[in-house]
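2 protein chains.
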Amino acid sequence: MLEKYDLTKKTDDRTYAKEIKPLQERLGVLQRALRDKKIPTIIVLDGWNTSGITMSTYEIIQSLDPRGFTLHAIERPTEEERARPFMWRFWMRTPSKGRIALFARSWYSRALAEELHYSGWKKALKDKINSINNFERQLSDDGAVIVKFFLHISKEEQKARLLERERNPLTSWLLTQRIWDFHYHYETNLPIIDEFMEKTDTDHAPWHVIEATDRKYTILKVYSILVKSLEKRIAAEKEGELKKGKQKNLPLPPKKPVTRRSSSGSAYTKEECQNVLTSLQIEMLELNYLLFKRKIPFIIVYEGWDAAGKGGNITRVARFMNPLGYNVTPISAPNENDRQYHYLRRFIKHYPKAGHFAIYDRSWYGRVLVERVEGFCTENEWQRAYQEINEMEQDYVESSGGGIVKFWLEISKEEQLKRFQQRANDPLKVWKITEEDWRNREKWKLYEDAVDEMLARTSTQYAPWVVTESDNKWYSRVKVLKTIIRHTEQLL
Amino acid sequence: MLEKYDLTKKTDDRTYAKEIKPLQERLGVLQRALRDKKIPTIIVLDGWNTSGITMSTYEIIQSLDPRGFTLHAIERPTEEERARPFMWRFWMRTPSKGRIALFARSWYSRALAEELHYSGWKKALKDKINSINNFERQLSDDGAVIVKFFLHISKEEQKARLLERERNPLTSWLLTQRIWDFHYHYETNLPIIDEFMEKTDTDHAPWHVIEATDRKYTILKVYSILVKSLEKRIAAEKEGELKKGKQKNLPLPPKKPVTRRSSSGSAYTKEECQNVLTSLQIEMLELNYLLFKRKIPFIIVYEGWDAAGKGGNITRVARFMNPLGYNVTPISAPNENDRQYHYLRRFIKHYPKAGHFAIYDRSWYGRVLVERVEGFCTENEWQRAYQEINEMEQDYVESSGGGIVKFWLEISKEEQLKRFQQRANDPLKVWKITEEDWRNREKWKLYEDAVDEMLARTSTQYAPWVVTESDNKWYSRVKVLKTIIRHTEQLL
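Just so you know, the sequences run in chain order A and B. Residue 137 in this note's numbering sits at position 137 of the first sequence; the count goes up by one each step and never skips. Residue 369 in this note's numbering sits at position 369 of the second sequence; the count goes up by one each step and never skips.
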């Protein structure tokens with residue numbers, strides 16, 4: 001992409017003076033339109049060092065209401081960020097509906113900066129391309145507009161600018177050896193960047209290369225492309241093309257045959273199970289310690305019928321873990337704030353730190369279970385979710401070096417009734433049972449269909465579903481703990 | 001406090017076996033009661049190294065539903081945390097209503113660890129005591145229950161434990177020189193810790209010293225005090241003692257005479273003001289740079305009548321700043337999630353990083369303005385807020401080394417009417433005016449009283465209010481910018 005550009009382009013003062021003003025005003029108007037239509041906007045400014053990223057950012061925000069945008073200057077990750085997968089920090093910076101997120105440098109620069117000096121960079125960059133494409137497509141499918149700029153200058157121009165900065169005491173301290181190294185390797189890096197951009201140049205998040213030698217030319221071109229892109233998005237909104245339910249469909253992941261759901265495992269007695277549990281305890285603590293030392297994270301997802309025993313199971317399993325090494329995240333209906341973002345964001349937020357366990361009590365699968373059955377999202381949305389979830393889980397496993405295992409706690413309809421009645425009659429347990437539980441029970445068949453489709457479409461090699469027979473609570477706990485041990489062992 | 005304890009206390013196996021079980025069950029029941037009553041719970045476990053903090057934490061959580069608590073193992077602050085005032089990271093870890101936050105080590109350990117090795121530690125610790133007492137009292141006033149344990153062992157006991165750990169390859173790597181140093185200075189540190197505890201031992205957040213030589217004795221005592229404290233809190237709730245509006249009153253800060261609010265500053269023309277603004281630009285950018293280099297943060301608060309020109313003022317002022325050096329936080333009504341915490345938390349969350357500006361478009365003063373006038377909080381709550389806000393601002397200034405300046409944008413009632421009508425008649429501006437604006441206008445007098453009381457009670461030396469005459473928008477912008485320059489200069 002980068003070779004063909006004519007880097008001598010310039011804009012004269014008169015043209016600039018004439019054209020910039022209406023563009024600036026237009027951008028202000030568009031910001032309000034995006035806000036009113038609750039469209040999240042992502043603007044990426046990336047490019048060579050000294051190509052004018054800060055200057056262009058500065059020029060754009062002159063036309064924006066500062067209360068409606070956030071500027072993210074992307075630099076080295078913090079400790080918190082380094083302990084999470086690569087895209088995590090960018091997911092956390094996605095704009096809420098109606099807001100603009102401006103990225104001065106982005107996941108592109110960071111992928112290059114963090115990978116290019118390793119010997120395995122080719123594979124790493126390929127993984128990153130996948131992560132990035134999924135990220136951008138998922139946000140776009142959810143209604144976001146994404147505009148990406150690459151500010152392009154020649155090696156000679158860069159050299160001149162670096163030398164100028166070096167001479168100026170106000171800027172010289174900003175120049176690191178790394179920046180110079182990247183300059184010396186301009187020719188080596190160019191085709192890598194070129195390929196990177198080509199593979200991330202998509203319909204929903206296209207690249208715009210800006211010939212950034214002349215300041216005025218740069219500003220005008222950035223402005224006019226930005227204004228055009230935002231206008232296009234708003235026009236699309238008006239025509240209803242992107243209205244909920246009318247979005248293009250993602251391919252559904254194939255349905256794999258899964259083991260039939262079964263609710264009864266074995267007739268182990270409580271005592272037998274307790275003995276097994278005790279014998280597993282030491283194994284578990286040792287594993288815990290090794291995962292912690294090697295900074296390998298692990299995600300455990302619990303889903304299951306109401307009264308299937310998720311709470312008790314989590315409590316028992318957690319007792320076998322180092323208390324400083326895990327977090328339990330209970331998931332309920334999304335709140336006001338959650339709803340301002342892509343639905344996956346609130347789960348990604350609770351990704352475990354390197355070396356830790358994250359236990360989700362219910363999870364992102366709510367999308368294809370309760371939200372599907374109760375109609376809380378559109379059909380397009382929950383159908384799209386299978387693919388989105390598979391991508392998210394694969395990305396997690398690949399980029400964190402950790403693992404995921406998902407438990408479906410299965411009980412029979414009769415067993416559920418028995419437990420509901422027990423709860424209703426026990427003053428110590430009556431808080432556990434609500435009207436909603438009874439209502440959900442009436443939709444058993446609808447939920448069964450949703451569960452079966454979920455198991456068939458989202459049980460993958462990297463994030464398998466384990467149907468856990470839970471009519472016998474003790475058996476269920478033993479199975480969960482054994483499964484966790486087996487899966488974490490493989491990561492060591 | 002620490003000298004008088006008999007550190008030879010023990011519990012025999014039979015007593016332990018008999019007494020622990022009912023306490024464990026009781027704690028589980030209490031957790032649910034706290035959840036149902038939406039009481040946030042803070043449990044602090046602190047003490048000497050090797051005194052059994054991890055062990056005690058582990059024992060407590062055995063009785064808790066892991067979905068309802070979060071364990072915070074407090075260690076060195078992260079980069080993000082170091083760039084904020086001391087209490088920030090603890091504010092961010094306060095539990096939401098109905099949840100338990102367990103702190104294994106806390107602000108106490110951190111205050112000692114982060115301050116004790118500086119020569120100015122006495123003053124620093126005194127400041128921290130103030131911060132901590134305010135923090136705990138504010139949370140308690142908001143309904144939280146706080147239980148603090150100090151695990152106490154003798155120097156000899158500690159030495160034996162340290163040596164034991166050193167011999168064990170599984171634990172030896174955890175022992176740092178710092179831990180040994182702290183041990184060698186046991187006698188020097190004891191009176192310092194003693195005084196620290198004495199000055200933070202309050203009715204609402206009392207210290208409980210645990211003689212932690214014997215493991216079983218330790219567990220039983222921690223459990224029984226914890227159960228008793230939580231039961232007391234729940235009983236108080238039942239008796240309605242802590243019901244909203246019945247809480248004890250904080251002293252109101254004195255009303256200081258303030259400059260009369262005035263809406264007209266001068267007859268400067270737009271052109272004159274623009275010239276002044278341009279001349280201030282360079283000064284501002286230079287200051288920006290110096291604050292950034294020296295890591296001094298600064299908070300700017302905007303409050304004012306509807307249509308007083310906050311938005312335009314912020315936009316113009318922000319244009320003079322380094323785009324990477326500021327954040328604008330627009331404040332609207334608290335959402336579901338915000339309401340689960342102390343009302344100040346969502347503002348504290350957006351404190352600027354060291355070296356940055358934070359601009360709040362409306363702020364925590366909503367409590368004593370809109371929430372007071374519209375009855376969104378109780379009279380006790382908004383009256384308490386004056387003192388809470390003053391404490392928060394003073395603490396901010398003292399612990400960050402930064403500054404705060406607050407602008408009240410004043411316009412006359414006639415000017416507001418004129419602007420409302422202009423907005424209503426301009427298709428480009430009609431979005432700016434809502435029914436609510438007209439309704440607020442009808443309550444002008446009530447708001448005036450609230451504004452006057454706010455200015456009188458919360459204009460302090462460390463965080464002054466600046467009434468900004470805003471009938472002339474240009475004059476208002478010049479005044480704001482000049483004021484910011486004057487106040488930030490003083491920090492250099």
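Yeah, the Cβ is synthetic: ideal placement off N, Cα and C, and Gly gets one too. Here the structure is a predicted model, which is why all the values come from computation and not from measurement.
query: Excluding five sequence neighbours on each side, which residues of the same chain lie with their C-beta closer than 7 Å to the C-beta of S363 (chain B)?; result: V301, E303, I331, F347
query: Cβ of A354 (chain B) within 8 Å of Cβ of P297 (chain B)?; result: yes
query: Measuring only the C-alpha atoms, how far is I484 (chain A) from L290 (chain A)?; result: 14 Å
query: Between A17 (chain A) and chain B, is there a C-beta pair that is closer than 8 Å?; result: no
query: For W474 (chain A), go through chain B and note every residue whose CB falls closer than 9 Å to its CB, in chain order.; result: Ordered by position in chain B, no residue passes the 9 Å Cβ test against W474 (chain A), which lies about 18 Å from the chain.
query: Determine the burial state of E195 (chain B): buried for a count of at least 16 other Cβ atoms within 10 Å of its Cβ, exposed for fewer.; result: exposed
query: Once the 5 residues before and after V430 (chain B) are set aside, which same chain residues still bring their CB inside 8 Å of it?; result: R423, A424
query: May I have the straight-line CA-CA distance separating R3 (chain B) from K10 (chain B), to the nearest angstrom?; result: Arg is not the amino acid found at residue 3 (chain B); the sequence shown has Glu there. Answer to the nearest angstrom: the Cα atoms are 18 Å apart.
query: In angstroms with no decimal places, state the Cα-to-Cα distance between Y5 (chain A) and A358 (chain B).; result: 40 Å
query: Anything in chain A within Cβ reach of W431 (chain B), meaning under 8 Å, just list it in chain order.; result: R32, D36
query: Are K128 (chain B) and E115 (chain B) close, meaning C-beta to C-beta below 8 Å?; result: yes
query: Closest Cβ-Cβ distance between T176 (chain A) and chain B: below 8 Å?; result: no
query: Can you tell me the Cα-Cα spacing of E157 (chain B) and Y186 (chain B), whole angstroms?; result: 12 Å
query: Run through chain B and tell me which residues come within less than 8 Å of Y58 (chain A), C-beta to C-beta.; result: P323
query: According to DSSP, which residues form a beta bridge with F149 (chain A)?; result: A:L45, A:H208
query: Can you list, in chain order, the residues of its chain whose CB lies under 7 Å from that of K221 (chain B), leaving out five sequence neighbours each side?; result: I210
query: Note down, in chain order, all residues in the stretch 332-353 of chain A with a beta-carbon under 7 Å from any beta-carbon belonging to chain B.; result: N335, E336, N337
query: In chain order, what are the residue ranges of uninterrupted beta strand (DSSP E) at least 3 long that sit wholly in the stretch 56-125 of chain B?; result: 69-73, 100-104
query: V373 (chain A) CB to nearest chain B CB: under 8 Å?; result: no
query: If you draw a straight line from the alpha carbon of T176 (chain A) to that of N168 (chain A), how long is it in whole angstroms?; result: 14 Å
query: For V44 (chain B), would you say it is in contact with chain A, using Cβ-to-Cβ distances shorter than 8 Å as the test?; result: no
query: Excluding five sequence neighbours on each side, which residues of the same chain lie with their C-beta closer than 7 Å to the C-beta of A212 (chain A)?; result: G47, S51, G52, L151, H152, I153, T218
query: I'd like to know whether the C-beta of E231 (chain A) is nearer than 8 Å to at least one C-beta of chain B.; result: no
query: Would you mind reading off the limits of the alpha helix (DSSP H) that contains F376 (chain B)?; result: Segment: none, F376 (chain B) is in no alpha helix (DSSP H) and carries neither H nor E.
query: Could you work out which residues of chain B lie near T78 (chain A), taking near to mean beta carbons separated by less than 9 Å?; result: T78, E79, E80
query: So, for L491 (chain B): in the same chain, excluding its five sequence neighbours on each side, which residues have a beta-carbon less than 8 Å away from its beta-carbon?; result: L291, I296, F298, G401, G402, G403
query: Would you mind working out which of B:H350, B:R105, B:R67, B:D181 sits nearest R84 (chain B), comparing C-alpha positions?; result: B:H350
query: To the nearest angstrom, report how far apart K216 (chain B) and V276 (chain A) are at their CA atoms.; result: 26 Å
query: Can you find at least 3 beta carbon pairs, one from the stretch 60-70 of chain B and one from the stretch 26-34 of chain B, that sit closer than 8 Å?; result: yes
query: Let's see if you can read the secondary structure: which residues bound the beta strand (DSSP E) around I411 (chain A)?; result: I411 (chain A) -> no beta strand (DSSP E), and no H or E assigned at all.
query: Can you check which of these residues, B:R345, B:R439, B:K228, is closest to W91 (chain B) by C-alpha distance?; result: B:R345
query: Which stretch, first to last residue, makes up the beta strand (DSSP E) that contains I359 (chain B)?; result: 357-361
query: Which residues, in order along the stretch 271-288 of chain B, keep a beta-carbon less than 9 Å from a beta-carbon of chain A?; result: none
query: With distances taken between CB atoms, is the gap from T468 (chain A) to L409 (chain A) smaller than 8 Å?; result: yes
query: Distance check for R486 (chain A) and T188 (chain B), CA to CA, integer angstroms please.; result: 50 Å
query: With contact counted as at least three CB pairs below 8 Å, one residue from each stretch, are the stretch 196-206 of chain B and the stretch 139-147 of chain B in contact?; result: yes
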